[in-house]
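Chemist: Below is the structure I would like to discuss, written out as structure tokens.
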Amino acid sequence: MNKVALVLLGAFLLVGISYANDQDEEFIQQLYPDGGKTLYCQEPFASGSRISIEEIYDDRRLAKHFGCRSGRLCSSNKEFTTIQQDLHGRFPVTTKVELERRRTLFGELPDNIAADPQCGYQQSFQVFEPPAHAKGEVARAMLYLHDRYQLPFIGTLEMYQRWNREDPVDEEEKRRNDEIEKLQGNRNPFIDSPDRADTMKAPSPLNMQFP
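Mind the numbering: the sequence shown is residues -20 to -1, 1 to 191 in mature numbering (1 follows the signal peptide of the UniProt record, and there is no 0), read in order.
Here you go:
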């Protein structure tokens, strides 16, 4: 690769990073104007904090669902970008957890897998189990994305139904749902009516995505 190509590639990457950072900051300002706490670690943050915004349904699997090799190659697909940008599926997380969860499958791990001492999640090979206080939010977001866009589950329906029951909706989740409705025009019905999750049936126990 010649020097001109390297310079152009570097400039392109910097522009892409800057754009992503601007999007993340806009997300925080819109949904958390008074600050908030990250999904998994409950770390306080405010506008300007160095945190990441995670898509519960990550770009790689979403792109695979649409037959693309990567999210970038799927960027011209309107349905892909609609799902990718849906606020109900995006959450603030610490950069450390974003890296830990990347390329993993939501699942459950045995007790002998040590939990992260600061955040309480378990991670081993390709499986990530959220801490107890985040399982409900993860479940209701995944149930919403499956119900609205017919996406395969990352994990199993039974697990998300159980997580939904074990970690009930709290006031912060209701507030966030209200704010997203103002911005996006729709609500997550599994937050308004959590019992709805138990009426869902998977076409097959294999209706899921793997890394």
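Beta carbons are placed, not taken as given, at the ideal position from N, Cα and C, and that holds for glycine.
Is Gln98 near Glu109, with beta carbons less than 7 Å apart?
Modeler: For Gln98 and Glu109, no; Cβs fall outside 7 Å.
Chemist: Can you give the beta carbon distance from Ala43 to Phe60, rounded, assuming they're within the 8 Å contact cut?
Modeler: 7 Å
Chemist: Measuring CB atoms only, is the segment 30 to 41 touching the segment 175 to 184, in the sense that at least three cross pairs come out at less than 8 Å?
Modeler: no
Chemist: Could you check the C-alpha separation between Glu161 and Leu11 for me, to the nearest Å?
Modeler: Looking at the two C-alpha atoms, the distance is approximately 11 Å.
Chemist: For Ala95, does the three-state DSSP call read helix, strand or coil?
Modeler: Three-state result, Ala95: strand.
Chemist: Any heavy atom of the ligand HEM closer than 6 Å to the CB of Phe71?
Modeler: Although the ligand HEM was asked about, the structure shown includes no ligands whatsoever.
Chemist: Using C-beta distances below 6 Å, list every residue in its chain close to Ile157, excluding the 5 sequence neighbours before and after it, in chain order.
Modeler: The sequence shown places Asn at residue 157, rather than the Ile named in the question. Excluding residues within five positions, the ones whose Cβ falls inside 6 Å are Arg167, Asn168 and Ile171.
Chemist: Mapping the DSSP letters down to three states, classify residue 192 as helix, strand or coil.
Modeler: Nothing can be reported for residue 192, as the shown portion of the chain is limited to -20 through 191.
Chemist: Using the Cα positions of Gly51 and Glu78, report the straight-line distance between them to the nearest angstrom.
Modeler: 17 Å
Chemist: Using DSSP's beta-bridge definition, name the partner residues of Gln10.
Modeler: Bridge partners of Gln10: none, in fact.
Chemist: Can you tell which of Arg41, Gln65, Pro174 and Thr18 has its C-alpha closest to the C-alpha of Leu163?
Modeler: Gln65
Chemist: Within its chain, find whatever has a CB closer than 7 Å to the CB of Arg176; leave out the 5 residues flanking it on each side and keep chain order.
Modeler: Pro169 and Phe170
Chemist: Measuring CA to CA, which of Pro132, Gln3, Gly28 and Tyr20 is closest to Asp14?
Modeler: Gly28
Chemist: Here's the rule I'm using: 16 or more other beta-carbon atoms within 10 Å means buried, otherwise exposed. How should Met180 be labelled?
Modeler: exposed
Chemist: Since I believe Leu131 is in contact with residue 194 (beta carbons under 8 Å), could you give me their beta-carbon distance rounded to a whole number of angstroms?
Modeler: The structure shown does not extend to residue 194, since the chain spans only -20 to 191, so no value can be given for it.
Chemist: Please check the pair Asn144 and Pro111, which I expect to be a contact at CB under 8 Å, by giving their CB distance rounded to whole angstroms.
Modeler: With 8 Å as the limit, Asn144 and Pro111 do not qualify as a contact, their Cβ atoms being about 15 Å apart.
Chemist: Just to confirm, are Tyr20 and Ala114 a CB contact at a threshold of 7 Å?
Modeler: yes
Chemist: Are the C-beta atoms of Glu146 and some chain B residue less than 7 Å apart?
Modeler: No chain B appears in the structure shown, which is made up of a single protein chain.
Chemist: Can you give the Cα-Cα distance for Cys54 and Ala121, rounded to whole angstroms?
Modeler: Distance between the alpha carbons of Cys54 and Ala121: 22 Å.
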